[in-house]
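Below is one structure, written out as structure tokens; the observations come after it.
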Amino acid sequence: MAQVETVRGPVDTGRLGTTLMHEHVFVLNEEIRLNYPADWDEEARVADAAAKLNTLRQRGCDTIVDPTVIGLGRDIRRIRRVADRSDINIIVAAGLYTYDEVPFYFRYRGQQSRSPASDPMTAMFVADLTHGIAGTGVKAAFLKCAIEEKGLTPGVERVLRAVASAHAATGAPITVHTHPGSGSGLEAMRVLAAEGADLSRVVMGHSGDSADLGYLTSLADAGCLLGMDRFGLDLLQPFEQRVDTVAELARRGYADRMVLSHDAACYIDWFRPDAIGAFAPAWHYGHLFDDVLPALLERGVSQAQVEAMLVANPRRYFSGPAGA
Ligand SMILES: [Zn+2]
């Protein structure tokens with residue numbers, strides 16, 4: 001049985017159970033938080049996150065996959081404190097989140113790198129996956145990168161190639177933040193494929209923001225998993241279109257190519273806390289169980305297809321070719 005690293009240690013992939021493939025615990029601008037700490041109460045935030053995850057566990061979710069990497073405020077010690085207080089599996093990531101340039105830390109390092117394998121960024125990702133993060137022993141189990149509306153900028157391309165290189169070195173799967181409106185998933189696929197990535201181990205995140213079946217099936221036909229992973233962000237794509245698209249793709253035989261999630265967070269500092277309830281009232285961990293799954297079943301999606309999207313596809317993604 002293949003195993004996958006979680007914050008509390010390795011778990012058999014067969015025991016991951018119902019898995020939400022893209023949920024954050026915290027999304028923070030750490031430098032802002034450190035310098036302007038008025039809004040932050042560490043103990044209260046950790047307790048709140050643990051409570052929210054325990055509620056999610058009671059709803060039937062066994063595992064969340066948290067793609068919070070450098071650029072999104074990753075702090076594994078804080079995540080471990082949450083994991084110690086909750087009974088859900090949390091899988092964490094290595095990688096870098098940028099829509100454009102790399103952080104200055106990397107700008108003058110690795111300029112001379114002749115290949116992604118010798119980029120210092122790659123070595124950092126590989127160390128997170130193989131030795132653990134920041135001396136905690138907690139290992140990342142997947143890689144995360146992003147390509148947004150700006151497309152394949154030099155910085156974005158560098159990160160994509162470094163992620164593909166770390167994937168080749170370790171076998172860890174990949175999640176890409178994409179912007180389907182500009183077709184950026186296709187661009188990511190081209191770069192990752194050119195670097196030799198196994199596309200069946202790649203989630204094209206935020207694909208559910210699109211209802212363009214031609215775009216979505218071209219990613220899925222190449223082997224990628226479609227992240228139908230922003231349920232609740234209805235201002236980017238209305239609820240009806242999100243569920244209709246998943247139902248239609250399932251009807252066409254793509255249930256084994258989709259995963260479901262919210263891209264929600266226990267706490268995200270990008271918005272005033274009171275703002276989220278106004279602009280995205282359904283954007284919370286309960287939405288999938290309360291609203292999305294009943295709507296999918298109503299539209300003819302079978303229980304077996306739901307099971308594929310929530311259990312079997314995540315298991316296969318983390319098991320790898322040998323453990324599938
Ligand atoms: Zn996200």
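Heads up: the sequence shown at position 139 corresponds to 139 in the working numbering, and the numbers run straight through without jumps.
Cβ coordinates follow ideal geometry from the N, Cα and C atoms, glycine included.
Keep in mind it's a predicted model, so treat the numbers as computed, not measured.
Residue i to residue j span [Cα, whole Å]
i           : j           : result
residue 136 : residue 74  : 13 Å
residue 285 : residue 50  : 13 Å
residue 98  : residue 149 : 11 Å
residue 302 : residue 78  : 38 Å
residue 85  : residue 47  : 8 Å
residue 267 : residue 76  : 15 Å
residue 18  : residue 111 : 42 Å
residue 305 : residue 250 : 7 Å
residue 323 : residue 198 : Because residue 323 sits at a pLDDT of 47, beneath the cut-off of 50, its placement in the model cannot be relied upon, and the point is left open.
residue 121 : residue 166 : 9 Å
residue 315 : residue 127 : 23 Å
residue 169 : residue 38  : 42 Å
residue 70  : residue 26  : 12 Å
residue 123 : residue 162 : 9 Å
residue 134 : residue 81  : 15 Å
residue 44  : residue 191 : 42 Å
residue 282 : residue 196 : 39 Å
residue 273 : residue 178 : 25 Å
residue 344 : residue 54  : Only positions 1 to 324 of the chain appear in this structure, which leaves residue 344 out of reach.
residue 89  : residue 64  : 6 Å
residue 41  : residue 288 : 29 Å
residue 184 : residue 147 : 6 Å
residue 113 : residue 152 : 19 Å
residue 208 : residue 242 : 6 Å
residue 35  : residue 29  : 10 Å
residue 229 : residue 313 : 14 Å
residue 58  : residue 296 : 21 Å
residue 212 : residue 200 : 21 Å
As assigned by DSSP and simplified to three states, the class of residue i
i           : result
residue 287 : helix
residue 95  : strand
residue 262 : coil
residue 324 : Here the model assigns residue 324 a pLDDT of 45, short of 50, so the residue's position is not dependable, and the following value carries that caveat. Here residue 324 sits in coil by DSSP.
residue 26  : strand
residue 313 : helix
residue 58  : helix
residue 130 : helix
residue 79  : helix
residue 276 : helix
residue 18  : coil
residue 70  : strand
residue 88  : coil
residue 269 : coil
residue 221 : helix
residue 236 : coil
residue 100 : coil
residue 123 : helix
Supposed close pair residue i, residue j - CB separation, criterion 8 Å
i           : j           : result
residue 95  : residue 61  : Actually they do not touch by this definition, with Cβ atoms about 23 Å apart.
residue 141 : residue 318 : 6 Å
residue 12  : residue 21  : Wrong, their Cβ atoms sit about 18 Å apart, outside the cutoff.
residue 173 : residue 202 : 7 Å
residue 226 : residue 219 : 6 Å
residue 23  : residue 261 : 6 Å
residue 83  : residue 7   : 4 Å
residue 232 : residue 280 : 6 Å
residue 156 : residue 92  : With a Cβ gap of about 22 Å, residue 156 and residue 92 do not count as contacting.
residue 204 : residue 176 : 6 Å
residue 258 : residue 222 : That pair is no contact at about 14 Å.
residue 320 : residue 214 : Contact flag wrong, Cβ pair sits at about 30 Å.
Contact with chain B by residue i, beta-carbon distance below 8 Å
i         : result
residue 8 : Judged by its chain identifiers, the structure shown contains no chain B, having just a single protein chain.
Delimiting residues of the beta strand (DSSP E) encompassing residue i
i          : result
residue 63 : 63 to 66
residue 5  : 3 to 6
residue 11 : 9 to 12
Element boundaries [alpha helix (DSSP H), containing residue i]
i           : result
residue 225 : Residue 225 -> not in any alpha helix (DSSP H); beta strand (DSSP E) instead, spanning 225 to 228.
residue 241 : 239 to 251
residue 112 : Where residue 112 is concerned, there is no enclosing alpha helix (DSSP H), given that its DSSP letter is neither H nor E.
residue 36  : That residue, residue 36, is in no alpha helix (DSSP H); it is neither H nor E in DSSP.
residue 107 : 104 to 107
residue 306 : 303 to 307
residue 293 : 293 to 298
Practice problem: Could you pull out every unbroken beta strand (DSSP E) segment of at least 3 residues lying fully inside the segment 135 to 215, listed in chain order? | Solution: List check, beta strand (DSSP E) in window: 142 to 147, 174 to 178 and 202 to 205.
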